[in-house]
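Take a look at the structure set out below.
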Amino acid sequence: METAREESARGSDDDAAQEDTTSVADVSVEVATVDATLNKLCRRYNGRRRRAKKIKKKNPILDLQNLAILITVVVFVIVVIMWSLLWVFIFRRESNSGVYFAGMFRVANVEFIPEYRHADSSEFVSMANRIQHVITSVYRTSSVSRLYKQTVISDLSNNNQGGVLVHFWMIFVVPHLKTPSVCEDCVSAILKDSVHMSLQNRSSVGFLQGLPVDIDSILVNVALRSDYSSTAVGSQCVDKLYAGVPDVSIPLNVFSSWGGLSCYIKLTSAPGSVIRLTVKSFRIDPSDCVYDALTVYDSLLPMRGMILYRVCESVSAPISLVSTSNVMLLSFRLTQGNKIFRGHFQALMEEQCMNTIALPAGPGDAGVITSPFFPSLLPRQCSCTWMFQMPSGALGVALRFQNYMLKLKDLQNCEHGWWKINEIIYCGNYIDYSTVFRIPAQNPEVVFRCSSRSADQSFNATYSSYNTSQPCPEGHFLCSTGLCVEKFRRCDGLDDCQDESDEMFCSKPPKICGGLSPLHPLYICNGETDCSSGKDEINCTQETSCSGVSYQCGNGACILKKNAKCDGLHDCYDRSDEKDCACGNPTASKRVSDSAATQQRIVGGINAMEGEWPWQVSMHFSGQMYCGASVLSDEWLLSAAHCFSKERLADPRMWMAHLGMLNQGSAKHVAEIRRFVVHEYYNARNFDYDIALVQLKKAWPSSLEKYIQPICLPAPSQTFTEGHRCWVTGWGYRSEQDKILPTVLQKAEVSIISQSECKRSYGAVSPRMLCAGVPSGEQDACRGDSGGPLSCQAHSGGRWFLTGVVSWGSGCGRPNFPGVYTRVAKFVDWIQRHIQNL
Ligand code: ARG
17 METAREESAR GSDDDAAQED TTSVADVSVE VATVDATLNK LCRRYNGRRR RAKKIKKKNP
77 ILDLQNLAIL ITVVVFVIVV IMWSLLWVFI FRRESNSGVY FAGMFRVANV EFIPEYRHAD
137 SSEFVSMANR IQHVITSVYR TSSVSRLYKQ TVISDLSNNN QGGVLVHFWM IFVVPHLKTP
197 SVCEDCVSAI LKDSVHMSLQ NRSSVGFLQG LPVDIDSILV NVALRSDYSS TAVGSQCVDK
257 LYAGVPDVSI PLNVFSSWGG LSCYIKLTSA PGSVIRLTVK SFRIDPSDCV YDALTVYDSL
317 LPMRGMILYR VCESVSAPIS LVSTSNVMLL SFRLTQGNKI FRGHFQALME EQCMNTIALP
377 AGPGDAGVIT SPFFPSLLPR QCSCTWMFQM PSGALGVALR FQNYMLKLKD LQNCEHGWWK
437 INEIIYCGNY IDYSTVFRIP AQNPEVVFRC SSRSADQSFN ATYSSYNTSQ PCPEGHFLCS
497 TGLCVEKFRR CDGLDDCQDE SDEMFCSKPP KICGGLSPLH PLYICNGETD CSSGKDEINC
557 TQETSCSGVS YQCGNGACIL KKNAKCDGLH DCYDRSDEKD CACGNPTASK RVSDSAATQQ
617 RIVGGINAME GEWPWQVSMH FSGQMYCGAS VLSDEWLLSA AHCFSKERLA DPRMWMAHLG
677 MLNQGSAKHV AEIRRFVVHE YYNARNFDYD IALVQLKKAW PSSLEKYIQP ICLPAPSQTF
737 TEGHRCWVTG WGYRSEQDKI LPTVLQKAEV SIISQSECKR SYGAVSPRML CAGVPSGEQD
797 ACRGDSGGPL SCQAHSGGRW FLTGVVSWGS GCGRPNFPGV YTRVAKFVDW IQRHIQNL
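Mapped onto this note's numbering, the consecutive letters of the sequence shown carry residue numbers 17 to 854.
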């Protein structure tokens, strides 16, 4: 069989030979060198080819097809090769990313010479080369040697502790998968572990490859590539300024009328001094630091851990801040437009904050203690000691703070100042009223330490002596805030103590309508007839002295009528009480109705109707419903601070506001956020000052007025009581255990609960909080409703006012644990201050 086939094949050998010379020749070369079996194989191969050719000749279409296949294969192979080359040379390189670090350490035992200030001096270059060499050899012999690329010494400064402070950049080139091996801690540990400490001398200076380095001064931070490229040598916009003489102020102005500016100003001053920067004015577009910002660092490189302060809003009243050593870096990021910075800086000699104060025996203020460098913001690190000496053992020291309060330290750290007073530790907190702290000791020692990561507000306190057996003067009541108020102010319905301690344990004031004593101020002109004669509601628009219970008209005059705002009657002489009242009046066909409750939702709520709550907003974080908010104007919303206060939540670009919406996903308008204004005194521990403004990037179109409408802001004097109709609304959970959020906006009717009753449930309820609920607990807000409105109607058919902002509660819908809301009336001035033209 085989032979026969061979023979028949041979016949056509020749005619194929011409056509296919190369292939035949190739094979025959092989055949010639190998043995006869291969020879056979060769012939068989040629035979098969010829047979195939015959078929091909017979069928030209098939021939073409083969050619096409061949071309496809060739093209495919080329593409594969090209792709592999591309991958090896380009993509693989791409997937290696540069990781940048900014670092510094102090080289001890080296004398600083002025030439080091100039990066182009030969002295700088030789010192920089030496240090660069040391750092490079440390990393080249470490576990990350293959990823280490280079070190660039950017500055040498003279340190307050002596020696030279070295500021440097380090660059690693890391394949994506290996990124964790060059973490900040790892890179910094390698440097620290390479410092050889001597066991004999107890100083923190050891040797880094022969270089005397202070191990405590080593700091390494991950940095941005953009920061590296814009501050590195040769960058267009880096200025260096030096203040050699203390207390001489050097002007600092930055103007930018063109777009996209990233500029750095490096400030240094003589050793032993610190730098005070004063921002006189700064004009930028506020955007929560997303676009325009000035970041001030307590170092010469933009190190995250060294941020002293960030200015993200325009500044009109001067602010000043102080560094902790003789260097400071200003990093400006300015976008298109006319941006102006005006200020100055100066060197200040370091203050020894240590005082001995002898107090006189007499009453009255004896003097003032201030935070270091007052009124500049607090430095990042500071320590002050005041030693008081009293003339007699019966006297103690009273410290009266403007907007600061001391509280016994609990398990948590102090965030805004750490105090040690007679060996007891207290934490400081900022508030918007004054407090008095009394120390019943003859010679107390008061120690203060700054404890905030970035610059805090300054504070001052007046000190005086007080009688330890009787802190308040005769006829006065001692508040929990330490203030003394006249006894007759107790239970007068006004918060004279600032923490309502004068209004605790008060029985409901009696309604004495006849008789000699005047009617309790709460009953006068509150809109309800409390005396059968009706005398409590007459002459309510008569002008009176201004107080917390009177309504203040636009022209400054005050009237007794508490709820004069937007009630449809002209109460003020200047008619200001009825101005700007396009709010709180749902125009939709159906109003709040008591129609049959279909589904039990929110906690114990029912489905809201289209257009019923046109001020309700749903705030979505990263695409998910996260909080509620209320419309105040076409550009501003009001919500809760706790919705935006964590770092992750503070980026306005991650949020969207859904307006004019009943069912989730069907908003009439979805808006981007420009910025959040979180209350500066917001306290994440106890939810005090839980309020935030949200500014939209663009005003919502007025054509949507039918679906979107502002709610009215109450007047500071406005009172809401059990008698008012109040509803809480939102898309939050319907019970504590609920896992699915409702689609339809939910509403539940709740009533206002008196402050003393609420304190009975929770204890710690500040005057900036308000409670609402029902005794059974069945109606309440829950998780997800936060930031949303508690809307109260002034009277039947009247306008709706934003009485509260959903803030917190113990669980949801529990009996005797009502919902706690931010008391909006307390923040009207704060809101107005931030929203011009509202
Ligand atoms: N803090 C919650 C939120 O973030 C709101 C809780 C309200 N709780 C209550 N029982 N009323 O959504």
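Every residue gets a Cβ at the ideal spot worked out from N, C-alpha and C, and that includes glycine.
Status (buried if at least 16 other CB within 10 Å, exposed otherwise) for residue i
i: Ala-144; result: buried
i: Ile-441; result: exposed
i: Ala-477; result: buried
i: Lys-101; result: One point to set straight first is that residue 101 is Leu, not Lys, in the sequence displayed. Leu-101 comes out exposed.
i: Lys-74; result: Residue placement at Lys-74 is poorly supported in this model, since its pLDDT is 48, which falls under 50; the coordinates still yield a value, given next. Lys-74 is exposed by the Cβ-count criterion.
i: Phe-92; result: exposed
i: Gln-734; result: buried
i: Ser-142; result: exposed
i: Val-89; result: exposed
i: Ile-855; result: Since the first residue shown for the chain is 17 and the last is 854, residue 855 is missing from the structure and cannot be characterised.
i: Ser-272; result: buried
i: Thr-614; result: Because the pLDDT at Thr-614 is just 44, under 50, the model does not fix this residue reliably, and the point stays unresolved.
i: Phe-504; result: exposed
i: Asn-354; result: exposed
i: Arg-849; result: exposed
i: Val-261; result: exposed
i: His-586; result: exposed
i: Ile-622; result: buried
i: Arg-839; result: buried
Which of helix, strand or coil DSSP assigns to residue i
i: Lys-595; result: coil
i: Phe-464; result: strand
i: Phe-92; result: helix
i: Ile-385; result: strand
i: Gly-543; result: coil
i: Ile-85; result: helix
i: Cys-400; result: strand
i: Tyr-258; result: strand
i: His-149; result: helix
i: Ala-52; result: For Ala-52, the predicted structure reports a pLDDT of 39, less than 50, and the residue's modelled location is therefore unreliable. The matter cannot be settled from this model.
i: Lys-606; result: Only weak support is given to the placement of Lys-606: the predicted model assigns it a pLDDT of 47, under 50, and the value that follows is read from those uncertain coordinates. Correct three-state label for Lys-606: coil.
i: Ala-309; result: strand
i: Asn-62; result: Reliability of the predicted coordinates at Asn-62 is poor, the pLDDT of 49 falling under 50, and no value is obtained from them.
i: Gly-639; result: coil
i: Leu-80; result: helix
i: Val-154; result: helix
i: Glu-139; result: helix
Nearest candidate by alpha-carbon position, reference residue i, set the options
i: Trp-747; options: Ile-147, Lys-755, Arg-741; result: Lys-755
i: Val-452; options: Ser-474, Ala-410, Gln-486, Cys-495; result: Cys-495
i: Gly-179; options: Val-221, Met-213, Leu-163; result: Val-221
i: Leu-558; options: His-658, Leu-510, Leu-576, Trp-846; result: According to the sequence shown, residue 558 is Gln rather than Leu. It is Leu-576.
i: Leu-394; options: Ser-341, Asn-429, Gln-368, Asp-472; result: Asp-472
i: Ala-377; options: Gly-444, Ser-392, Gln-458; result: Gln-458
i: Met-625; options: Tyr-723, Val-694, Pro-730, Glu-696; result: Tyr-723
Check whether residue i and residue j have beta carbons under 9 Å apart
i: Gly-380; j: Ser-450; result: no
i: Phe-361; j: Tyr-280; result: no
i: Pro-228; j: Asn-125; result: yes
i: Ile-798; j: Tyr-837; result: Before going on, a small fix: residue 798 reads as Cys here, not Ile. No, the pair does not count as a contact, with Cβ atoms beyond the cut-off.
i: Val-264; j: Val-338; result: no
i: Ser-867; j: Ile-206; result: Residue coverage of the chain in this structure runs from 17 to 854, which leaves residue 867 outside it and unanswerable.
i: Ile-147; j: Val-123; result: yes
i: Arg-292; j: Leu-346; result: no
i: Ser-563; j: Cys-547; result: no
i: Leu-224; j: Ser-210; result: yes
i: Ser-2; j: Met-635; result: Because the chain is modelled from 17 through 854, residue 2 falls outside the range shown and cannot be assessed.
i: Leu-163; j: Val-198; result: yes
i: Val-790; j: Val-766; result: yes
i: Phe-464; j: Trp-435; result: yes
i: Val-312; j: Ile-300; result: no
Of all the alpha helix (DSSP H) runs that stay within the bounds of the region 739-808, which reach a length of 4 or more residues? 771-778
Write down every uninterrupted run of the beta strand (DSSP E) in the region 656-737 whose length is 3 residues or greater and which is fully enclosed by it, in chain order. 671-675, 685-694, 708-712
Ignoring anything shorter than 3 residues or poking outside the region 174-213, list the beta strand (DSSP E) runs there in chain order. Runs found: 180-191.
Can you list the alpha helix (DSSP H) stretches of 4 or more residues lying completely in the region 486-545, in chain order? none
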